[in-house]
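Here is the structure we will look at, set down as structure tokens.
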Ligand SMILES: Nc1ncnc2c1ncn2[C@@H]1O[C@H](COP(=O)(O)OP(=O)(O)OP(=O)(O)O)[C@@H](O)[C@H]1O
Ligand SMILES: Nc1ncnc2c1ncn2[C@@H]1O[C@H](COP(=O)(O)OP(=O)(O)OP(=O)(O)O)[C@@H](O)[C@H]1O
Ligand SMILES: [Mg+2]
Ligand SMILES: [Mg+2]
């Protein structure tokens, strides 16, 4: 069987577990492939070392989920030199043609759509887009954190131009860390009694926010004019559960499982099938999930991966 | 009748050293046994075996007839055997009272320390040893002599059957010694068996009922005190005849080498002025805490002066650090060899070399091991340091030999001005004589020597002149022809 | 016999009552007051009870962990495992709760897991004579690994309200977690400052040889100290899991450095023998104040870390200048 | 008591010593050999030159940083800032290169930034008398913050090949970074073991008061040590940026703990006065071997951290049992 080397950025977050599971199940579906599975623990240098080790084991192909698009370039080139095809997942390598396929999540779009969702909710509440919004970024220096923030900030500023009543009361980094999000939100709630919505860099942030709102006795059901809108990104199991319970408004789900399975399919096609069908680049679709849509057919067909991976 | 304590055929070896060889001793209740011997003879090792710190390689111990084999210090303490170790073992950041009762602090049912009881008991124990600091005082702020008194108070805090004092007087001045001896007498009357180890033979004669001599790890002789004479004791210790304790002084005084005027250090001492000439040995006497150590350290640049000036060789000098002092030809032998003199885990060689590293190197940067070896070998030879080799860690050397290493290092910088703080603390008679001779030689070679000592006899024996300090001030000077214990004591205590 | 000088010195140093003395020694109090004053004067929202309580709440996790760390550091040891142990105990408690054990049992499992990992460190440090740094570093990695292994990397969530209230509930206006933390500080403060055990902890850290010579059970003291630290990390895991109604294997990463920082800011020395629970409380609150101030003043995220570092530096700098002035 | 330690005749502090003697003391060598043997026997890919070289390459960043940390730890200090300083120097060098300075200047800027941040720590520790732990922790936060501030959070990338080769190039089959690292180890080993300065470093760590009274320039020694550590972290930043052809403000997070771990595994004590460059080399290589083995043996990622911890624990356990046996 052909050895396939996988390096995911981290396992610190369910999203990457979904990705790993997707690769694993994808490989399991192809008996002629065998997986070597590594995680870089969030460190670009560690990832480089691991990929070097994978190259030294003469893998037939690499599936990489780079921590950083630029930092991965040297080892991708190294792999190219040894004739090992590289497939990138979620984040690409910043060297264009050096990868066979780049399956990407559009993080900027996620941020933008988060801003739009909040604008919609505010419009429903007040009849116009106005209100006080908090932006809880993800971990600074990560592509997911930075691009989502960029997408959100750009869109939010655009919205503000047309809607002067729309205010950003705080922008803080919660580092994809639920506890940090909890602490920051607790303090923001103490300082501001008129927060309308919180945008979150991911669902872990959002979970912390939801808990902080409850702790501060500020929770009002969705639809109540005092309800604080909370939206996250990813679609983790806990976020889905929170949405079902009506505590959290929405998450922008991206499905790492199907995305990763697709990547394996491309690997299989490259090694044993028809290379020509493999696109060089592809955005993997994402989906807004709210309480209203969570049990819809669209959601089912997209896949509630958060629920799937823990079972 | 069985003795209180018996040690039979105790042997103990360390790598490279046979510290004890078949040593036996017995101790009765209400008896004071003196143990004397040269540095490294094995006195402390023997007592550490009794204290449960080391286990003996061979031999056994009997306590009131029953086999006694402590596995830890705790076992010995529980058996009523209290050892005041030669090396101070206090907790610097904790209070005097807590240190005294360490290991058996008074507690209530909840395990809380009963502070009032603690401080009250500590106060009365402190009074017994003649230390007038508050029980809440942190040990760190005490001078080393005061710490020694705390150690003694600690021994008195326990219900003791046997008390061992390993050089308790090394740091004490005459006044505290008197109190200590009175305490010893009381304990003896109470039926406690005492072991008293000291290099001050006159003290041994004063307090002991019997005296045992250890030499090279063997017990060479034990006799009732009356059956010993001082020369005989010394002869037994060193196994060679010893002439006069103090060398003849033929002071040939030269120009003033060290001129200290109006030296003050806020909170420590004030307005100290004196001179020391080439070829002169100036002793400094005073009670504990008089500030003598601080004066030496200030001259040496280790403490900051607030006022005053120092002239060396009639030239004004600014000494801001020990480094400056060494460069100006000044050397200090600190009183606390463990805390300030030695790097304990390092070898003899490394410790000796510490002050002259650039000279022992190529281009002042690459160490030349041969030069270090030679320097250390010289020091070991000339000071007769007892060590298996120069690579031995100094931690494993006997106290006296450690002291010699500090001295040896001070000599490596070829200083002309010597500040010696208790230079013979813990040193055996033979070695003391060597140190006295050394001081004498240094003086004869034109050195200026300032010796702080709490050993009055020594001070009177080696000095050309004695300065006396009291409460941070110079209380007076006594020229050699007026030397007497009374005169010095009077200046020290009353002014 | 009258050592006059010594007498004078003592009077100057120790004539005051013990509180003055404690404050006197804890010069970091100056930094604490300084930061508080600055925030009070520049930020209207600072001096509201809701905000002050939120600082306490935010400080509760690092607080309980730092208390345990204080014991360890006073003995001259270090416990790097606390962050991972928080995560591991949290997920274990969470798994137990999801298997429908009673809440009390879940809490006890969390604390017990912490105590257990503390005992492992204790065993290695006392019996095997290994360095606390390495052992607790190994446990840092192992406990984190176990947290991933037992959960398969998943978040465990949806706990009974009674459990969640430990971390995120209120009694009246006061957060339960803050109350628990204050309780832990109070008890630990009394234990360390007033009990024989506390005195032994200081003695072992101040001079281990001397402590042994004085008959103190050095090994036992060290062992207890690591178990306390582990158990409190376990409690921290429970508080955190309750607060977030979920337990993640990745939780509390890097918490150990913050906890140790709080202890050291509070005047402890990593060489042992020095430190106090009151000092640690100040250290924890200073960190809490800084984070609160950064949030209230909506400092740009890029600047947050820089300012955190600079303020900690400043606070400790004041402390050290202050000590110098006093002639320390 | 410390009789067991004390009995051993030794001169590990400074001056010459035979190689066998050094190995004798570095019982961690047993753990090192054990791990190597295990991997060699169970993993065919292990003993290939490509793999062995990749271990060296992978160890180069932590290696240069650990060398600096060794100096600091031998003095009884600690430098927690190294990870952040790697990142900060890396991005500064990167920014300079992107502004088209010559490669040599870029490298020098990286190292100088490291040295500068080391000087800051040095100043605070020596002149302001602050605790190295707190100061370097503050610098950890400040340097990381600065790295974000100067880059606006962006990755800096696309450097000249000459620069990239420092971290990722080869001379013949040998990675340049590995050569540089070995050079750093060699020089540092000689400096620490054979020079006056090295002896002073040990003395300051062994007993600061005694060192000062013996005329050793304690402040200067401490200052140099922190500057060395900073400069080597700067070099680490250059190597990393070259290796990744990019510099990220988030790079090398947590590296400090790994570097300190390598030093301590190598036999140094955080209390100062003990440690050696050879020991640190072994510590670094052990960590490198573990990571390499985990990949080669395709250990499931969830198990990786647990096994890392367990193997470090095991290696140091062998060491401590070994020392016990020798100590008698
Ligand atoms: N822990 C140890 N390791 C190695 N050798 C030791 C150790 N302790 C003592 N020794 C050696 O044992 C011998 C006896 O030392 P000991 O301390 O008992 O002498 P002492 O009679 O107390 O001398 P002093 O009068 O100087 O205190 C010395 O040669 C010393 O170097
Ligand atoms: N580190 C210190 N901090 C504060 N006070 C100190 C310190 N060391 C000593 N002192 C105090 O300074 C005074 C003088 O010190 P010291 O006892 O060393 O003087 P001395 O005359 O050399 O006496 P001796 O050497 O006989 O003990 C004492 O009151 C002592 O308590
Ligand atoms: Mg002795
Ligand atoms: Mg003195």
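Residue numbers (this note's numbering), protein chains in the order written: chain A, 324 to 634; chain B, 8 to 502; chain C, 129 to 456; chain D, 129 to 456.
Just so it is clear, CB atoms sit at the ideal spot from N, CA and C, and this is done for glycine as well.
- Item | Cβ separation of residue 404(B) and residue 303(B), assumed to be a contact under 8 Å, to the nearest whole Å | By 1-based counting over the second chain, the position of residue 404(B) is 397. By 1-based counting over the second chain, the position of residue 303(B) is 296. The Cβ separation is near 24 Å, so there is no contact.
- Item | Residue interval of the beta strand (DSSP E) (run including residue 423(C)) | Taking the first residue of the third chain as position 1, residue 423(C) is located at position 295. Segment 405-424 is the alpha helix (DSSP H) holding residue 423(C); no beta strand (DSSP E) there.
- Query: What residues in the segment 381-402 of chain C have a beta carbon less than 7 Å from any beta carbon of chain B?
  - Reply: 401, 402
- Does any CB atom of chain B fall closer than 9 Å to the CB of residue 344(C)? Working through the third chain from its first residue, we reach residue 344(C) at position 216. Closer than 9 Å to some Cβ of chain B, the Cβ of residue 344(C) qualifies, so yes.
- Are any of the Cβ atoms in chain B nearer than 9 Å to that of residue 326(C)? The residue you call residue 326(C) lines up with position 198 of the third chain. Cβ-Cβ to chain B under 9 Å: yes for residue 326(C).
- Message: For a test of the three-state rule: what should DSSP assign to residue 244(B), helix, strand or coil?
- Response: In the second chain, the residue the question calls residue 244(B) occupies position 237. Residue state, collapsed to three classes: helix.
- Message: Can you tell me whether residue 260(D) sits near ligand 1, meaning its C-beta is under 8 Å from at least one heavy atom of the ligand?
- Response: Residue numbering aside, residue 260(D) sits at position 132 when the fourth chain is read from its first letter. For ligand 1, not one heavy atom lies less than 8 Å from the Cβ of residue 260(D).
- Same chain, Cβ closer than 6 Å to residue 364(D), neighbours up to 5 away in sequence not counted: Working through the fourth chain from its first residue, we reach residue 364(D) at position 236. 189, 192, 193, 214, listed in sequence order.
- Identify the contact partners of residue 323(D) in chain E, using a Cβ-Cβ distance below 8 Å as the criterion. Checking the listed chains, one finds no chain E in this structure; the protein chains it contains are A, B, C and D.
- Item | Contact check, residue 2(B) vs residue 283(B), beta carbons under 9 Å | Absent from the model: residue 2(B). The displayed extent of chain B is 8 to 502, so no value can be given.
- Item | residue 187(C): contacting residues in chain D (beta-carbon distance under 9 Å) | What you label residue 187(C) is simply residue 59 of the third chain in a count that begins at 1. The premise fails here: residue 187(C) is roughly 18 Å from chain D at the closest Cβ pair, so nothing lies under 9 Å.
- Message: Looking at chain C, is there any beta carbon in it that lies within less than 9 Å of the beta carbon of residue 251(D)?
- Response: The residue labelled residue 251(D) in the question sits at position 123 within the fourth chain. Chain C, which has no Cβ nearer than 9 Å to the Cβ of residue 251(D), makes this no.
- Message: Looking at the strands, I want to know which residues DSSP matches up with residue 324(B).
- Response: Along the second chain, read from residue 1 onward, the residue named residue 324(B) stands at position 317. Paired residues: 317(B).
- Item | Length of the line joining the Cα atoms of residue 53(B) and residue 216(D) | Your numbering for residue 53(B) matches position 46 in the second chain. Your numbering for residue 216(D) matches position 88 in the fourth chain. When rounded, the distance between both Cα atoms is 59 Å.
- Message: Does any residue of chain C have a CB that is nearer than 9 Å to the CB of residue 576(A)?
- Response: Numbered from its first residue, the first chain carries residue 576(A) at position 253. No, residue 576(A) lies away from the interface with chain C (no Cβ there is under 9 Å from its Cβ).
- Query: So what's residue 607(A) in DSSP terms, helix, strand or just coil?
  - Reply: Working through the first chain from its first residue, we reach residue 607(A) at position 284. In this structure, residue 607(A) counts as coil in the three-state DSSP scheme.
- Item | Cβ-Cβ distance between residue 1(B) and residue 145(B) below 9 Å | An answer regarding residue 1(B) cannot be provided, because it is not within the stretch 8 to 502 covered by chain B.
- Which residues in chain A sit within 9 Å of residue 377(D), going by Cβ to Cβ distance? Along the fourth chain, one-based indexing puts residue 377(D) at 249. 463, 464, listed in chain order.
- Task: Can you have a look at residue 236(B) and say buried or exposed, based on whether 16 or more other CB atoms are within 10 angstroms of its CB?
- Result: As a working note, residue 236(B) is residue 229 in the second chain. Exposed is the call here.
- Run of the alpha helix (DSSP H) containing residue 376(A), from where it starts to where it stops: The residue you call residue 376(A) lines up with position 53 of the first chain. Segment 367-379, the alpha helix (DSSP H) holding residue 376(A).
- Could you please give the first and the last residue of the uninterrupted beta strand (DSSP E) stretch that includes residue 361(A)? Your numbering for residue 361(A) matches position 38 in the first chain. Per DSSP, residue 361(A) belongs to the beta strand (DSSP E) from 356-362.
- Query: residue 499(A) by DSSP, collapsed to three states: which one?
  - Reply: Taking the first chain and counting its residues from 1, one reaches residue 499(A) at position 176. Coil.
- Taking only beta-carbon atoms, is residue 338(C) less than 9 Å away from chain B? In the third chain, residue 338(C) corresponds to position 210, counting from 1. It does: the Cβ of residue 338(C) has a partner Cβ on chain B nearer than 9 Å.
- Beta-carbon spacing of residue 350(B), residue 331(D) below 9 Å: Residue 350(B) sits at position 343 when you count from the first residue of the second chain. Residue 331(D) sits at position 203 when you count from the first residue of the fourth chain. Yes, they are a contact pair.
- Message: Taking its Cβ as the centre, do 16 or more other Cβ atoms sit within 10 Å of residue 501(B), making it buried, or is it exposed?
- Response: Here the question's residue 501(B) lines up with position 494 in the second chain. So residue 501(B) counts as exposed.
- Message: For ligand 3, I want to know if residue 100(B) counts as a neighbour, meaning its beta carbon is within less than 8 Å of at least one of the ligand's heavy atoms.
- Response: Start at 1 with the first residue of the second chain, and residue 100(B) comes out as number 93. Not so, every heavy atom of ligand 3 lies at least 8 Å from the Cβ.
- Message: Rounded to whole angstroms, what is the Cα-Cα separation between residue 356(B) and residue 375(B)?
- Response: Translated into the one-based positions of the second chain, residue 356(B) becomes position 349. Translated into the one-based positions of the second chain, residue 375(B) becomes position 368. In a straight line, the C-alpha of residue 356(B) is about 12 Å away from that of residue 375(B).
- From the DSSP output, which residues share a beta bridge with residue 337(B)? Residue mapping note: residue 337(B) aligns to position 330 of the second chain, counting from 1. Per DSSP, 424(B).
- Assigned secondary structure, residue 313(D) (DSSP; H/G/I helix, E/B strand, else coil): Within the fourth chain, numbered from 1, the residue matching residue 313(D) stands at position 185. DSSP places residue 313(D) in helix when its eight states are reduced to three.
- Message: Can you tell me where the alpha helix (DSSP H) holding residue 270(C) begins and where it ends?
- Response: To locate residue 270(C), count along the third chain from 1; it is residue 142. Residue 270(C) -> alpha helix (DSSP H) spans 260-279.
- Determine the direct distance from the alpha carbon of residue 346(A) to that of residue 355(A), and round the result to whole angstroms. By one-based count along the first chain, residue 355(A) stands at place 32. By one-based count along the first chain, residue 346(A) stands at place 23. Taking the straight line joining both Cα atoms gives about 14 Å.
- Show which residues of chain D have a CB atom less than 9 Å away from the CB atom of residue 199(B). The residue labelled residue 199(B) in the question sits at position 192 within the second chain. Those within 9 Å of residue 199(B) in chain D number zero; the least Cβ separation is about 25 Å.
- Report all residues from its chain with a CB closer than 6 Å to the CB of residue 134(D); omit the five preceding and five following residues, and keep chain order. For the purposes of this step, residue 134(D) is identified with residue 6 of the fourth chain, where counting begins at 1. Summary for residue 134(D): the model assigns pLDDT 33, below 50, so the residue's position carries little reliability; its value from the coordinates is reported in the next sentence. If we look at residue 134(D) and ignore the five residues flanking it on each side, it has no Cβ neighbours.
- Rounded to whole angstroms, what's the CA-CA distance from residue 509(A) to residue 301(C)? Just pull it up for me. Mapped onto the first chain, residue 509(A) falls at position 186. Mapped onto the third chain, residue 301(C) falls at position 173. Their backbone Cα atoms lie some 13 Å apart in a straight line.
- Query: By the criterion of Cβ-Cβ separation under 7 Å, what are the contact partners of residue 572(A) in chain C?
  - Reply: Within the first chain, numbered from 1, the residue matching residue 572(A) stands at position 249. Within 7 Å Cβ-Cβ: nothing; residue 572(A) doesn't reach chain C, min ~17 Å.
- Query: Three-state secondary structure (DSSP) at residue 628(A)?
  - Reply: As a first step, residue 628(A) must be located in the first chain, where it is residue number 305. Residue 628(A): helix per DSSP, three-state reduction.
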